[in-house]
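Residue numbers (the numbering used here): 7 to 227.
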């Protein structure tokens, strides 16, 4: 409790460990809340939670609340899961896919994800998972980073085609991307401009954070 109170004055780091995928994982009390960070960016809670909440709001809280099956690719500390359940009131099934087993352990330890009955965490590579799953989803959230790097497969046509295939009618994909240089901006522009699928629409959400851009894909029917 003392550390939490002191965190309103300055951040208090309570755990640090090395990560195969993210260099370093840090758990810190900041302004009375626990946040999860990598060496160079916020992973859960903090600014990331605000970004994804904006994307969910853009899709529509009431629409999401009525859905049944959500897929989250990239779990980290699970802040978007808390947003879905506490802020939106989503009561359906959430499947979270996380490649880093150590991060999943920390998420359970500090953010109590293992206490959420409607959540299933699967330790797997996101690309491999979407190739294997036979489920269809009402909402797919793509939030995959390795520190400040995004794996190249996320922007390959085959991956985009596959996650579009996994959407139910009227479903949405919320894709969180990081833009650190002009090449990243061109990459996103290329994805949006070249996206041409019957029965789908794509758009970007005006940025609230300088280095993050949200892309939303919707399946019409």
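Using N, Cα and C, we set each Cβ at its ideal position, and we do this for glycine too. As the structure is a computational prediction, the values presented were derived from the model and not from experiment.
Can you give me the start and stop residues for the beta strand (DSSP E) that residue i sits inside?
| i | result |
| --- | --- |
| residue 27 | First-last for residue 27: undefined, no H or E at that position. |
| residue 215 | Unbroken run through residue 215: none, as it is neither H nor E. |
| residue 139 | Neither: residue 139 is in no beta strand (DSSP E) and is coded neither H nor E. |
| residue 39 | 39–43 |
Quick check on the burial criterion: 16 or more other C-beta atoms within 10 angstroms. Buried or exposed for residue i?
| i | result |
| --- | --- |
| residue 81 | buried |
| residue 143 | buried |
| residue 196 | exposed |
| residue 11 | exposed |
| residue 43 | buried |
List the endpoints of the continuous alpha helix (DSSP H) containing residue i.
| i | result |
| --- | --- |
| residue 11 | 8–12 |
Assuming residue i and residue j are in contact, meaning their beta carbons sit under 8 Å apart, how far apart are those beta carbons, in whole angstroms?
| i | j | result |
| --- | --- | --- |
| residue 84 | residue 124 | That belief does not hold up - the Cβ atoms of residue 84 and residue 124 are roughly 12 Å apart, past 8 Å. |
| residue 78 | residue 87 | 7 Å |
| residue 169 | residue 136 | 6 Å |
Could you tell me which uninterrupted beta strand (DSSP E) segments, each at least 3 residues in length, are contained entirely in the stretch 51–103, listed from first to last along the chain? 75–79
List in chain order: all unbroken beta strand (DSSP E) runs of 3+ residues lying wholly within the stretch 100–132. 125–129
Where are the beta strand (DSSP E) runs, 3 residues long or more, that stay fully inside the stretch 166–194, in chain order? For secondary structure counted as the beta strand (DSSP E) over 3 or more consecutive residues, the stretch 166–194 holds these complete runs in sequence order: 173–184.
At a cut of 8 Å, does the stretch 58–69 reach the stretch 209–225 through at least three beta carbon pairs? yes
With a threshold of 8 Å, are at least 3 pairs of Cβ atoms found where one atom belongs to the stretch 95–113 and the other to the stretch 171–179? no
At a cut of 8 Å, does the stretch 159–168 reach the stretch 20–35 through at least three beta carbon pairs? no
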